[in-house]
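Under numbering that gives the first Met the number 0, think of the first position of the sequence shown as 0, with each following residue one higher. Beta carbons: idealized from backbone N, C-alpha and C, even for Gly. Notes follow the structure.
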Amino acid sequence: MIKMVKEIIPKVVSLNISKGGIPKLPITSVRIKSGGLEGDGHNHAKHYRPIQAVSLQDEERLEELRGEGYPLFPGTTGENITVSGMDINALPLGTVLNFSGGVVLELSKVRQPCYVLDAINPRLKTDILGRCGYYAKVIREGIVQTGETIDVIRKDWEDD
């Protein structure tokens, strides 16, 4: 008997924006420019940098944290794009993400927990360490929609 293994294909679960701060609220599609998602605001000037134009988080990490008692859903921790099937924190810096709609991002900086998470729970900043996702810079602008698949090109694969 042959056992079939289902391949997990990384995809966009949610796109999230706000006028500033958290939570970021879901939308179905958005234009991504070099400075980030159109219509997304930030409460702090430090977030307006091309190296951290887009923030990404795994749906699976949010589910883990929800299992630990935190009320987290896509956008709650301030991420712009919630993904599934990627294990984003396990990817090396420089990994390229090719979205099926044509947008290309490069993982550029590990996200560190911020004091704004205290509004959810003061312990969250500690418990989310290593599970906070990544920032990415925009390589190719365009429109992203929920449900798009993502081709992950790891930098360390190119070195082999």
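Next on the checklist: Let's test the definition: count the other Cβ atoms within 10 Å of the Cβ of Q56 and tell me whether it reaches 16, buried, or not, exposed.
Outcome noted: buried
Next on the checklist: I need the straight-line Cα distance from G129 to Q111, nearest angstrom please.
Outcome noted: 8 Å
Item to check | Cutoff 6 Å; reference T148; Cβ partners in own chain excluding five residues on either side | outcome: I8, K10 and S99
Checklist entry - Is the CB-CB distance between I119 and V29 below 8 Å? => result no
Item to check | Q51 versus I80, R153, F72 and T75, residue with shortest Cα-Cα distance | outcome: I80
Item to check | Proximity below 8 Å, CB of G19 to CB of G40 | outcome: yes
Item to check | Uninterrupted alpha helix (DSSP H) stretches inside the stretch 11 to 54 (no shorter than 4 residues) | outcome: none
Item to check | Neighbourhood of I138 by C-beta, 6 Å cutoff - its chain only, sequence neighbours within 5 removed | outcome: V103 and E105
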